[in-house]
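Going by the working numbering, the first residue of the sequence shown is number 1, and it counts up by one from there. Each residue gets a CB set at the ideal place from its N, CA and C atoms; glycine is no exception. This report concerns only the one structure given below.
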Amino acid sequence: MYNAHFGFREKPFKLVPNPDYLYLSKNHEIALAHLTYAVSQGDGFVVITGEVGTGKTTLCRLFLERLEDDVESAYIFNPQLDSIQLLASICNEFGIRGNHGSLKQLLDVLNDYLILKNQDGRKVLLLIDEAQNLSIENLEMVRMLSNLETTRNKLLQIILVGQPELGDKLDSYELRQLAQRISLSAHLTPLGPTETVGYIQHRLSIAAQRQLNLFTRGACRRIHRFSGGIPRLINIACDRALLTAFSLNRSRVTAAIAGIAVQELASRGRGQTLSIFKKMVFWSAVSIAIMLAAGILYSKKELIGFSTPTQNHAAENAGHAPAAPPAELENEPPRTYKIDPLPASETPAAMPSVTRTSTADVRDEEVPMAFTRGEMAAAIQALEHRDSRLDAVARVLESWRQSPPSAGQLPAATADTDYFEIAAHQYGLRMYTVQSNWSLIKQMNLPAILPLKKSAEGEIVYMALVGWREGLVQLVGPPGQGVVQTTLDALLPYLHGPVYLYWKNALGFDGLISSGSPAKQVGAVKNLLRRAGYGQIDALPVFDQDTAQAILDFQSRNSLEPDGLIGPLTKIFLIQAADIIHYPRLDEKDRRSGG
């Protein structure tokens with residue numbers, strides 16, 4: 001539409017992995033150098049990770065285009081297959097034909113093919129994109145493929161490319177053998193402000209076949225703030241900005257035009273659903289309905305669970321302990337009330353407002369009453385998908401003493417897992433996902449983002465888990481709705497998918513730390529162990545027997561897999577035990593003293 005107006009031969013910001021448009025940032029250059037070096041040296045295993053939209057697939061295409069003629073390659077871009085299907089796809093990509101029905105038959109013909117190519121002096125390369133979707137079983141099979149070798153060299157070089165979840169999988173105990181075989185790895189990060197300017201100019205020049213300066217510096221800054229430096233989101237924002245400039249008959253994209261474009265993108269999808277005020281009123285209706293269904297009017301003393309939101313957290317952050325609970329509540333079990341569905345004619349807006357307790361740090365004197373399963377259903381129905389994920393992120397970030405993000409700070413048009421990962425990255429945090437393991441979630445003792453199934457059609461909404469008190473979980477919905485307290489039994493039917501937890505890597509080192517790690521990493525681990533109570537360990541950066549024994553003991557004491565390796569989970573527990581930086585807590589005891 002706007003190509004002729006700006007002098008483009010084709011659209012510069014199309015969302016396709018065209019290698020001609022790849023902008024080699026510093027991280028992209030490092031990753032490409034790793035890949036090229038690995039092929040030239042015959043290294044067996046390489047891993048490239050990066051956030052969604054950082055150009056992994058485009059980098060793969062460029063790398064494959066640049067391969068020498070003596071390299072046979074297979075490119076798998078959809079690895080969500082069972083083991084036989086995956087191996088059959090690999091054989092097909094290499095041009096190995098035949099009707100081979102079993103896993104053993106496929107392995108045999110692949111091995112024969114690799115031996116033949118090795119005898120011909122040719123290298124064979126397998127590149128699997130979106131490798132975070134590989135199951136543990138298939139990753140183990142990939143490890144077995146790396147065993148295909150002669151006494152002198154590997155028959156098959158393997159490159160795994162995927163989102164950060166791939167790194168988490170490779171750090172797991174089940175795949176420790178595979179992790180030890182990785183010879184090179186690189187991580188693609190979002191572009192910085194200066195790189196974003198270079199990226200935009202590069203794509204404009206390729207599309208126009210000449211130098212173009214269509215975006216002002218102010219426009220580039222707006223686009224970088226919106227996109228967080230993610231190339232795919234930069235493309236979306238730039239395309240919308242060019243369209244806006246074209247519709248206004250402007251020859252350049254200014255900061256104002258870019259602002260219009262990113263505002264449209266930021267608001268897209270959030271829609272004109274229930275406003276915050278309407279949702280607050282709905283919750284008020286739920287609260288009133290609880291009391292009406294019970295048929296009881298309570299005195300002010302009994303309504304202690306329904307109070308106005310507490311705004312001042314300064315005293316909490318300064319280390320003041322919450323007041324002790326009233327004696328009559330100390331030994332009294334939480335009251336539970338059954339709620340009947342509201343009649344269709346009764347609109348929530350017509351009911352008076354009652355607000356549940358608000359705050360991520362719940363004070364003892366403001367303990368909300370427990371929601372039943374029916375009340376949880378009503379609460380979940382009040383949430384909308386995109387609003388709820390932003391609100392859940394904001395609440396968890398608040399617990400990390402971070403200012404909550406606005407809608408424009410996070411890319412709206414992304415999958416939920418990527419959205420939460422990007423939010424963590426922007427605030428210097430890491431994300432850890434837990435699948436249906438409430439014992440581990442409670443043990444990790446960190447605020448979390450819970451996925452809740454809203455409808456039979458599978459719509460997912462989110463709430464923040466901020467507390468765990470006397471067997472009850474404490475959740476926070478959007479601003480103004482306050483704290484919801486319920487039993488795990490009432491919550492479990494609505495939980496759907498992985499739970500997301502944020503953590504801060506005070507060690508500063510990625511991947512597994514073990515006896516073969518650099519001295520700097522070993523020294524950092526030993527320092528944490530000493531602070532965690534293992535004073536017998538010396539300060540030398542040597543992974544000695546005392547260090548190995550201390551790690552095993554620490555893992556056993558914390559019900560972790562005693563493998564002697566420092567992976568993400570052990571890092572989380574060790575950093576918390578060392579108490580060197582602020583870590584928010586779920587339980588009351590730790591919330592008073594922690595941080």
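Need the endpoints of the alpha helix (DSSP H) that residue i sits in, please.
i: Tyr462; result: Segment 460-469 is the beta strand (DSSP E) holding Tyr462; no alpha helix (DSSP H) there.
i: Gln576; result: 568-578
i: Thr509; result: According to the sequence displayed, residue 509 carries Phe and not Thr. Here Phe509 belongs to no alpha helix (DSSP H), and DSSP marks it neither H nor E.
i: Tyr113; result: 103-119
i: Gln41; result: 26-41
i: Asn18; result: Looking at the DSSP string, Asn18 is not in any alpha helix (DSSP H), and its letter there is neither H nor E.
i: Glu195; result: 193-208
i: Arg176; result: 176-179
i: His5; result: 3-6
Give me whichever residues DSSP pairs with residue i in a beta bridge.
i: Trp503; result: Arg430
i: Gly50; result: Leu188
i: Lys453; result: Ile460
i: Val484; result: Leu475
i: Lys154; result: Glu149
i: Val253; result: Phe215
i: Phe45; result: Ile158
i: Ala448; result: Leu465, Leu501
If I follow the unbroken beta strand (DSSP E) through residue i, where does it start and stop?
i: Glu384; result: Counting along the chain, Glu384 falls outside any beta strand (DSSP E), and DSSP gives it neither H nor E.
i: Ser674; result: This structure cannot settle anything about residue 674, because the visible part of the chain is limited to 1 through 595.
i: Ile653; result: Outside the displayed span of the chain (1 to 595) sits residue 653, for which this structure offers no information.
i: Lys123; result: 123-128
I need the DSSP call for residue i, collapsed to helix, strand or coil.
i: Gly162; result: strand
i: Val476; result: strand
i: Glu375; result: helix
i: Lys11; result: coil
i: Ile234; result: helix
i: Ala131; result: helix
i: Leu491; result: helix
i: Ile581; result: coil
i: Ala415; result: coil
i: Leu67; result: coil
i: Val354; result: Note that Val354 scores 29 on pLDDT, short of 50, meaning its location in the model is unreliable; the coordinates nonetheless yield the value given after this. The answer is coil: DSSP assigns Val354 none of H, G, I, E or B.
i: Asp391; result: helix
i: His496; result: coil
i: Tyr173; result: helix
i: Asn437; result: coil
i: Leu243; result: helix
i: Ser83; result: helix
i: Ile182; result: coil
i: Arg143; result: helix
i: Arg61; result: helix
i: Ser406; result: coil
i: Arg401; result: coil
i: Gly167; result: helix
i: Gly259; result: helix
i: Leu265; result: helix
Pull up the CB-CB distance for residue i and residue j, whole angstroms please, since I reckon it's below 8 angstroms.
i: Ser83; j: Glu137; result: 6 angstroms
i: Leu390; j: Leu410; result: 7 angstroms
i: Val142; j: Lys56; result: Going by Cβ atoms, the distance from Val142 to Lys56 rounds to 18 angstroms, so no, they are not a contact pair.
i: Leu446; j: Ala464; result: 11 angstroms between Cβ atoms; not a contact.
i: Phe215; j: Val262; result: Not a contact, Cβ separation roughly 13 angstroms.
i: Asp129; j: Phe77; result: 5 angstroms
i: Phe13; j: Ala208; result: In fact, because the Cβ distance is near 12 angstroms, the residues do not count as touching under 8 angstroms.
i: Tyr432; j: Pro568; result: 6 angstroms
i: Ile223; j: Ala258; result: 6 angstroms
i: Val52; j: Gln163; result: 6 angstroms
i: Leu529; j: Ala550; result: 5 angstroms
Can you find a C-beta in chain C that's less than 9 angstroms from the C-beta of residue i?
i: Gln211; result: Reference to chain C is not applicable here, since this structure consists of a single protein chain.
inquiry  = Threshold first: 4 residues or longer. Then list the alpha helix (DSSP H) segments lying entirely within the region 515-566, N to C.
reply    = 519-531, 545-557
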